[in-house]
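K.L.:
Counted the way the numbering used here counts, the sequence shown spans residues 10 to 85.
Beta carbons are placed, not taken as given, at the ideal position from N, Cα and C, and that holds for glycine.
Every value quoted in this text rests on a predicted model; they were computed, and no experiment measured them.
Submitted below is the structure of interest, expressed as structure tokens.
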Amino acid sequence: MADGIDSSTVFLVIATKGYMQKINTGDRSDNCLKEFQYAGNKRSDRIVVAALEEGMTKPATGWTGRFQLALTRQSP
């Protein structure tokens, strides 16, 4: 996974409430969290967020916790 992130043009986050909850739990054994953190460290300038659920389109109201902290600075 790291090689794919390193060689990518962008890192696409498919923003669902379930994904956000996984990131926010902070479970270090969770692969979603590992990918998310790695991409944030390596590709923070190239993260693209695709919001797929109602209520997930606006960072200020739909995003929470670690998920919001990491991605708010990336969003227009």
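Measuring only the C-alpha atoms, how far is Phe45 from Lys31?
P.N.:
The residue given as residue 45 occupies position 36 in the sequence shown. The residue given as residue 31 occupies position 22 in the sequence shown. So the two alpha carbons sit approximately 10 Å from each other.
K.L.:
I need the straight-line Cα distance from Asp36 to Asp54, nearest angstrom please.
P.N.:
For this step, residue 36 is matched to residue 27 along the sequence shown. For this step, residue 54 is matched to residue 45 along the sequence shown. Going by the C-alpha atoms only, they are around 25 Å apart.
K.L.:
Taking Cβ to Cβ, would you say Val19 is nearer than 9 Å to Leu80?
P.N.:
Along the sequence shown, one-based indexing puts residue 19 at 10. Along the sequence shown, one-based indexing puts residue 80 at 71. No, Cβ-Cβ distance for Val19 and Leu80 is not below 9 Å.
K.L.:
Label Val58 either buried or exposed according to how many other C-beta atoms from any shown protein chain fall within 10 Å of its C-beta, with 16 as the threshold for buried.
P.N.:
In the sequence shown, the residue the question calls residue 58 occupies position 49. Classification of Val58: buried, given that the 10 Å Cβ count is 16 or more.
K.L.:
May I have a chain-ordered list of the beta strand (DSSP E) segments no shorter than 3 residues that lie completely inside the segment 23-73?
P.N.:
List check, beta strand (DSSP E) in window: 56-60.
K.L.:
Measure the C-alpha to C-alpha separation of Gly74 and Ala24 and round it to an integer number of angstroms.
P.N.:
Locating residue 74 in the sequence shown gives position 65, where the first residue counts as 1. Locating residue 24 in the sequence shown gives position 15, where the first residue counts as 1. About 14 Å.
K.L.:
Within 9 Å (strictly less), CB to CB, does Thr73 reach chain C?
P.N.:
Absent here is chain C; the protein component of the structure consists of one chain.
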